[in-house]
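First up is the structure itself, then whatever we jot down about it.
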Amino acid sequence: MDHSVNALLGAVANRLAHPDIAPAQPAWPVPATPRRATAAERRIHFATMTEADLDTVHAVETSAYTHPWSRKHFHDSLLAGYPAVMLLGERLPGERPHPTRSDDRLPLGYLVAMPGVEEVHLLNITVAPAHQRQGWARFMLDALVLWSRGQQAQWLWLEVRQSNLPARRLYEQYGFNQVGLRKAYYPAGALQREDAVVMSLNLIASAHTREAAP
Ligand SMILES: CC(C)(COP(=O)(O)OP(=O)(O)OC[C@H]1O[C@@H](n2cnc3c(N)ncnc32)[C@H](O)[C@@H]1OP(=O)(O)O)[C@@H](O)C(=O)NCCC(=O)NCCS
525 MDHSVNALLG AVANRLAHPD IAPAQPAWPV PATPRRATAA ERRIHFATMT
575 EADLDTVHAV ETSAYTHPWS RKHFHDSLLA GYPAVMLLGE RLPGERPHPT
625 RSDDRLPLGY LVAMPGVEEV HLLNITVAPA HQRQGWARFM LDALVLWSRG
675 QQAQWLWLEV RQSNLPARRL YEQYGFNQVG LRKAYYPAGA LQREDAVVMS
725 LNLIASAHTR EAAP
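For the sequence shown, the positions run 525 to 738 when the numbering used here is used.
Take a look at the structure:
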């Protein structure tokens, strides 16, 4: 399993959470993702998703989607060795603990990706409903783009439900282009299916992700 993505994502997040602590030789460029003030106040870090996180992930997943991944989807992704990371944030004063966690961390979001030859496929990116519209998805995409470039990937691919307008807006605004449509790709209620919009981002051409100033 290639855990290096998790270490690298962690380095990015820790650097953002502690901007005064610069590693001697940063292994990865740091995304300078603009975030809303409420998010910027929070100390955050990435953690490798493990079996122990699946209660948390499943709780967030079912709260965020009408057609969520099952635990088995996540379990199989971990077994396959796909890079899977959780974005955790320290609880702010007044925030309740997350029911699935015994520590003072809140799950802000997570992503699961699948590396290929010169490309990376984003399988799942989710931000917990209570933390949406604070820039966390863009932040996770920035980190993934930086990591993917570090793997010499040239393309980032994904599929998104045609009806998922918030996600489509996110990807379009980020610089992804629609490159196809998969007919009846997703389940959509009793005996119904929904098309998937296939989108890609050229990691070489896009100068989207900025690095933070040293
Ligand atoms: C889609 C999703 C990941 C966005 O996460 P997020 O952290 O709220 O997104 P960000 O705050 O980083 O938003 C970045 C941009 O995306 C777009 N966007 C995000 N949510 C949006 C919404 N509800 N409506 C319209 N545009 C939206 C906006 O352009 C936004 O920029 P702005 O805030 O400056 O206008 C989140 O809504 C989510 O987890 N949804 C459920 C799971 C899902 O659909 N995942 C994607 C599967 S393909």
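The beta carbon of each residue, even a glycine, is placed where N, CA and C say it ideally should be.
Please classify residue i as buried or exposed, where buried requires at least 16 neighbouring CB atoms within 10 angstroms.
i, result
"P631", "buried"
"D672", "Inspection of the sequence shows that residue 672 is occupied by Ser rather than by Asp. Burial call: buried."
"L727", "buried"
"E575", "exposed"
"L647", "buried"
"D600", "exposed"
"D577", "buried"
"T590", "exposed"
"V641", "exposed"
"L705", "exposed"
"L689", "exposed"
"R629", "buried"
Out of the options, which has the shortest C-alpha to C-alpha gap to residue i?
i, options, result
"H582", "L612, G605 and T624", "T624"
"V722", "L680, P690, A661 and D666", "L680"
"S730", "V584, F700 and R567", "F700"
"R662", "E642, A691, E683 and V644", "A691"
"R595", "V609, V641, A608 and D579", "D579"
"H645", "G633, L694 and Q678", "Q678"
"P639", "R693, L689, E565 and A608", "A608"
"A712", "R685, A637, L705 and D627", "R685"
"L612", "L602, V584 and Y589", "V584"
"E565", "Y606, L616 and A720", "L616"
"V636", "E619, M664, A588 and Q675", "M664"
"R693", "R657, D719 and E718", "R657"
"L725", "E614, Y695 and L602", "Y695"
Between the alpha carbons of residue i and residue j, how many angstroms are there, rounded?
i, j, result
"P621", "A604", "31 Å"
"A708", "P653", "27 Å"
"G659", "F598", "24 Å"
"A667", "A714", "37 Å"
"G633", "Q716", "29 Å"
"T586", "Y710", "16 Å"
"S687", "Q702", "14 Å"
"Q549", "S626", "Unreliable placement is indicated for Q549, whose pLDDT of 30 sits below 50; the coordinate value is still reported in the next sentence. Taking the straight line from one Cα to the other gives about 34 Å."
"V669", "H569", "17 Å"
"P592", "T572", "21 Å"
"T650", "A588", "7 Å"
"Q675", "L682", "17 Å"
"G618", "M610", "22 Å"
"Y606", "E614", "26 Å"
"A720", "R567", "35 Å"
"L602", "E643", "19 Å"
Using the beta-carbon of each residue, find all residues closer than 6 Å to any heavy atom of ligand 1 and list them in chain order.
-> Selection output, chain order preserved: A588, Y589, I649, T650, V651, Q656, R657, Q658, G659, W660, A661, R662, V684, N688, P690, A691, R693, L694 and Q697.
Which runs of the alpha helix (DSSP H), 4 residues or longer, sit entirely within the segment 667-738?
-> Runs of the alpha helix (DSSP H) lying entirely within the segment 667-738, each at least 4 residues long, are 689-698 in chain order.
Segments assigned beta strand (DSSP E), at least 3 residues, entirely inside the segment 621-645 | Segments of the beta strand (DSSP E) lying fully in the segment 621-645: 629-639.
Beta strand (DSSP E) runs wholly inside the segment 581-614, at least 3 long, in chain order | 608-614, all fully within the segment 581-614.
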